[in-house]
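2 protein chains.
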Amino acid sequence: MKIGVLGAGQLGRMLALQGYPLGLRFRFFDPTAKGPANDLAEQHAEDYRDVDALKKFAQGLDAVTYEFENVPIETARLLSDCVPHVFPPPAALEASQDRLVEKTFFNSLGIDTAPFRKVDSLDELRAAADELGLPAILKTRRMGYDGKGQFVIESADQIDAAFTALGGANLILEGFVKFDREVSILAVRNRDGDSAFYPLVENIHRGGILRISRAPAPHISPLQQPDAEDKAMRVMNALNYVGVLAIEFFESHGKLLANEMACRVHNSGHWTIEGAETSQFENHLRAGLNLPLGSTQPLGFTAMINLIGKVPETKDVLAVPGAHLHLYRKAPKPGRKLGHITLVGEDPADREERLEALLNLVE
Amino acid sequence: MKIGVLGAGQLGRMLALQGYPLGLRFRFFDPTAKGPANDLAEQHAEDYRDVDALKKFAQGLDAVTYEFENVPIETARLLSDCVPHVFPPPAALEASQDRLVEKTFFNSLGIDTAPFRKVDSLDELRAAADELGLPAILKTRRMGYDGKGQFVIESADQIDAAFTALGGANLILEGFVKFDREVSILAVRNRDGDSAFYPLVENIHRGGILRISRAPAPHISPLQQPDAEDKAMRVMNALNYVGVLAIEFFESHGKLLANEMACRVHNSGHWTIEGAETSQFENHLRAGLNLPLGSTQPLGFTAMINLIGKVPETKDVLAVPGAHLHLYRKAPKPGRKLGHITLVGEDPADREERLEALLNLVE
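So the protein lines, in turn, are chains G and B. First residue of the first sequence? That's 839 in my numbering, and the numbers climb one at a time after it. First residue of the second sequence? That's 839 in my numbering, and the numbers climb one at a time after it.
Following this line, the structure appears as structure tokens:
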């Protein structure tokens, strides 16, 4: 079986590394030549809108998946006509690519979000700011990631500047939610509709980029895990979803407000490689090939640290007991995710102690 | 860092899969085109004695290792002159390639083996059979693996036939040891001389081929683990060893008699991918790059089943809780190792229960 992957970044790299043991082969499609997945499988470095290149890419593939959430929807649909299975379904991709569509979709399923308003004009922005109050966050509806395409409007005199800065159309204003932390759930569903859920993960960001995840998340109340699973299940059922789905939530006064979803394996699930019985990457592939899903049981108390902008010396990282290093072979650049470190502790105190040692290396 | 690997079989495949996360790259050398490692790295398919091809292979490599124990010693030595590090040291390869040299080496370090005699003539064989008694096992000194190149001599009238069958020279006669089981130890040593040991593994063979490993081995007496580690340490120190070393022992009346060693990652260590904190593959690479060794701590009670000659349906294997499938993408052929399954149980009873379920699939 040969799997095509749109995007050849670190997520694709890890999909291949976790999929090879199942006897799978891989082919990547990414306009950026020599992405992190390029070392370990063939890569077609063409444009996502090049129909001939896509058709060539599709030849002989048994399934196609994405590791990049902004794959043009037409690309996904075209491939659906050429290969037996494209997963997650293009409709899911479509629902997640536009923040307005996504939040409207969440609400339609009874999943709470922060309040939001569509903004396509300065008048709409002013009205929205009045309704939701300030501070509020103006965001582009599409192509935002890692905190890009956002403007926090603290006071009314920033409205014009924010509107101009973000391009003046296709925006969304989100009411400011006072939240205690961000948590995420990783869910997976195969073609038969079997599903499984990883434990909630606590995510700590810096500069809009995920910095640290703890799994299972500390201090989760007995109702939160089933609540998150129920929300993910509603999304997956509504979309006839196949693959791994990640939903990020704001935890506010104990309630989970959906912020966004990713129709792919997710950074907050990297801990599963060493920290869970089956990794998110393997389960994503199992789901797409309609194989039995693997256990999502955590193997201990895990922390994951992203290596952003620079990487410490390998020997220093590996000298920390229980540290597992994952380098993506990307050129260092400020704000770029270059790798991550996972550590699995026997108890939460163990996790914190090792995390401390590692943070001293990477700060 | 780019690592060259002599041999592109399943061991090379797993070395690459476990080494990529460390940011390493790989290049394989194997006369057999499109070996199991071929999917996931470049391969030079030339002859091991082609000096020009070896020099081309060596270009730009930071280190070279072997995944195939019968690499010609001249090949290893030539590469030592071309790349900064070749590991394990060629001298170790040399000591392990000839059963007579190997057993003499063990004995010289005070490590017991079955009694043995050099056999280069029919007269020597007759004398050896007299001294050691029958039954005894006549073996080729070189190139034997998976039970090949062996002849069990039950009675004196088989002596001539055995001698002829095995080529009539460069043989060794080994006294028959009544042993209770075979166990193996996996040890690892880095260039600084730091070492680590995995727990003893119990190995069950069928038709001369490893069928099942259990790790940690059940019913190990308190003295056996330190005894095995001490023996491995003596071998590693004597050879200034770098990398993973496997030593197979016969357990006879509680004593460990060294049978053979492998200067490479070993089939009886495949369980470490899921069953230990750090896999043998990663530790082999860490050792060769002089990085801190990873913990060899087992994560539970693991069994490994080799898939020989045929493979069950992926969906059936993955339906067994805790089963992890590793396929090598080799064409099925009787007696050929095509993959393996690992399962990690919480306790020995759990391991046996799951093992039973899997054996029903693969028998």
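All C-beta atoms in this analysis are idealised placements derived from N, C-alpha and C, irrespective of residue type, glycine included. Just so you know, these numbers come straight off a predicted model, no measurement behind them.
Min CB distance B/Arg863 to chain G below 8 angstroms:
yes
Which residue or residues does DSSP assign as beta-bridge partners of B/His1108?
Paired residues: none, contrary to the question.
Taking the Cβ atom as the reference point for each residue, do B/Leu1123 and B/Leu853 lie within a distance shorter than 8 angstroms?
yes
Tell me whether B/Glu1098 sits in a helix, a strand or coil according to DSSP, three-state version.
strand
Classify G/Gln856 as buried or exposed, calling it buried when 16 or more other Cβ atoms lie within 10 Å of its own Cβ.
buried
Is B/Phe1119 near the ligand SAM, going by C-beta to nearest heavy atom under 7 angstroms?
Here there are no bound small molecules, and the ligand SAM is not part of this structure.
Using only the alpha-carbon positions, how far apart do B/Thr1002 and B/Leu963 sit?
11 angstroms
For G/Asp877 and chain B, any beta-carbon pair shorter than 8 angstroms?
yes
I'd like to check one pair, B/Glu905 with B/Gly850: are the Cβ atoms closer than 8 angstroms?
yes
Looking only at its own chain, which residues have a Cβ that is under 7 angstroms from the Cβ of B/Ala879, when we skip the five neighbours before and after it?
Ala854, Phe864, Arg865 and Phe866
I'd like to check one pair, G/Pro869 with G/Gly847: are the Cβ atoms closer than 8 angstroms?
no
In whole angstroms, what separates the C-alpha of G/Glu1194 from that of B/Leu1197?
44 angstroms
Output needed in chain order: residues of the segment 1114-1127 of chain G with a Cβ under 9 angstroms from some Cβ in chain B.
Glu1115, Thr1116, Glu1120, Arg1124 and Leu1127
Can you tell me whether G/Leu1197 is helix, strand or coil according to DSSP?
helix
Residue closest to G/Val902, alpha-carbon to alpha-carbon, out of G/Phe989, G/Gly845, G/Lys1093 and G/Ser993:
G/Gly845
Length-filtered (3 minimum) beta strand (DSSP E) runs lying within the segment 926-987 of chain B:
954-957 and 974-978
Within-8 angstroms CB hit, B/Leu916 to chain G
no
Can you find a CB in chain G that lies within less than 8 angstroms of the CB of B/Pro1159?
yes
Could you please give me the residues that DSSP links to G/Ser1051 through a beta bridge?
G/Asn1041 and G/Met1142
Considering only the alpha carbon of each residue, which of G/Val1021, G/Ala896 and G/Glu1151 lies closest to G/Met839?
G/Ala896
Flag B/His808 as yes if its beta-carbon sits less than 8 angstroms from any beta-carbon of chain G, otherwise no.
Any question about residue 808 of chain B goes unanswered here, given that chain B covers just 839 to 1201.
Take G/Cys1101 as the anchor and find which of G/Val1039, G/Leu1011, G/Ser934 and G/Leu960 has the nearest alpha-carbon.
G/Ser934
As assigned by DSSP and simplified to three states, the class of G/Arg865:
strand
Check the Cβ-Cβ distances between B/Leu1196 and every residue of chain G, and say whether any is below 8 angstroms.
no
With 8 angstroms as the threshold, decide whether the Cβ of G/Ser1033 is near any Cβ in chain B.
no
What whole-angstrom Cβ distance do B/Phe1014 and B/Ala974 have, given they're in contact under 8 angstroms?
5 angstroms
Going by beta carbon distance, what residues of the same chain come within less than 6 angstroms of B/Pro953, once the five residues before and after it are set aside?
Leu970 and Gly1013
Between which two residues does the beta strand (DSSP E) carrying B/Val843 extend?
Lys840 to Leu844
Compare the C-alpha of B/Gly1006 against each of B/Leu976, B/Val1158 and B/Pro1159 and name the closest.
B/Leu976
Tell me whether G/Pro1186 sits in a helix, a strand or coil according to DSSP, three-state version.
helix
Identify the residues that DSSP records as bridge partners of B/Pro1136: which are they?
B/Ala1114
What do you reckon, are the CB atoms on G/Ile1143 and G/Ile991 nearer than 8 angstroms?
no
Is it right to say G/Glu1086 is buried, meaning 16 or more other beta carbons lie within 10 angstroms of its own, or is it exposed?
buried
What residue from B/Asp1030, B/Arg1052 and B/Arg1167 has the CA that sits closest to B/Val1039's CA?
B/Arg1052
Cα-Cα, which of G/Leu862, G/Asp1018, G/Ala871 and G/Asp877 is closest to G/Asp885?
G/Ala871
Are the Cβ atoms of G/Val1213 and G/Val1026 separated by less than 8 angstroms?
Only positions 839 to 1201 of chain G appear in the structure, and residue 1213 of chain G is not among them; the question remains open.
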